[in-house]
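In UniProt numbering, the protein residues as written are 1 to 132. Ideal placement from N, C-alpha and C gives every residue a C-beta, glycine not left out. Okay, structure first, notes after.
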């Protein structure tokens with residue numbers, strides 16, 4: 001996914017009304033009028049939100065006689081999930097480090113020792129474990 005497409009997707013997802021529209025479309029395609037019902041805004045205002053979602057590739061609209069169904073297009077959301085997933089390991093390592101530090105603090109609190117500075121990364125933790 002190109003950075004511009006990713007930015008477009010995030011910009012479209014930044015608005016709670018657009019997120020609510022996507023949540024509704026996740027249950028199946030529906031008309032613009034049906035999408036507008038739960039919102040206290042005009043149909044043209046909802047249409048503007050739909051245009052933003054459509055430009056971001058998050059929805060598609062078609063025309064069948066007078067019926068104008070909208071449907072969710074999941075590919076941009078999958079691309080966002082992949083991008084965010086790149087940071088999962090980073091946060092898991094941070095949380096593991098925090099967990100280790102909290103256990104150390106708890107152990108030191110029971111023995112009365114002074115807490116040590118937390119290790120900076122998983123490599124330092126592994127080196128420390130090898131020393132002990």
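| Item | Value |
| --- | --- |
| Within a Cβ cutoff of 6 angstroms, which residues of the same chain sit near residue 71, ignoring the five residues on either side of it in sequence? | 29, 60 |
| Could you pull out every unbroken alpha helix (DSSP H) segment of at least 4 residues lying fully inside the UniProt domain "HTH arsR-type" (1-92), listed in chain order? | 3-13, 16-25, 32-36, 43-55, 75-85 |
| Pull up the distance between the alpha-carbon of residue 135 and that of residue 62, whole angstroms please. | For the chain, the structure presents residues 1 to 132; residue 135 sits outside this window and is missing. |
| Leaving out five residues on either side along the sequence, give the residues of the same chain with a beta carbon under 8 angstroms from the beta carbon of residue 6. | 79, 80, 83 |
| So, does the region 14-26 touch the region 37-57, judging by three or more C-beta pairs under 8 angstroms? | yes |
| Going by other Cβ atoms of all chains shown within 10 Å of its Cβ, with 16 needed for buried, is residue 9 buried or exposed? | buried |
| According to DSSP, is residue 99 helix, strand or coil? | helix |
| Taking all protein chains shown into account, do 16 or more other C-beta atoms lie within 10 angstroms of the C-beta of residue 88, making it buried, or fewer, making it exposed? | exposed |
| Which of the three DSSP states, helix, strand or coil, is assigned to residue 104? | helix |
| So, is residue 11 buried or exposed, given that buried needs 16 or more other C-beta atoms within 10 angstroms? | exposed |
| Taking its Cβ as the centre, do 16 or more other Cβ atoms sit within 10 Å of residue 58, making it buried, or is it exposed? | buried |
| Measuring only the C-alpha atoms, how far is residue 91 from residue 98? | 10 angstroms |
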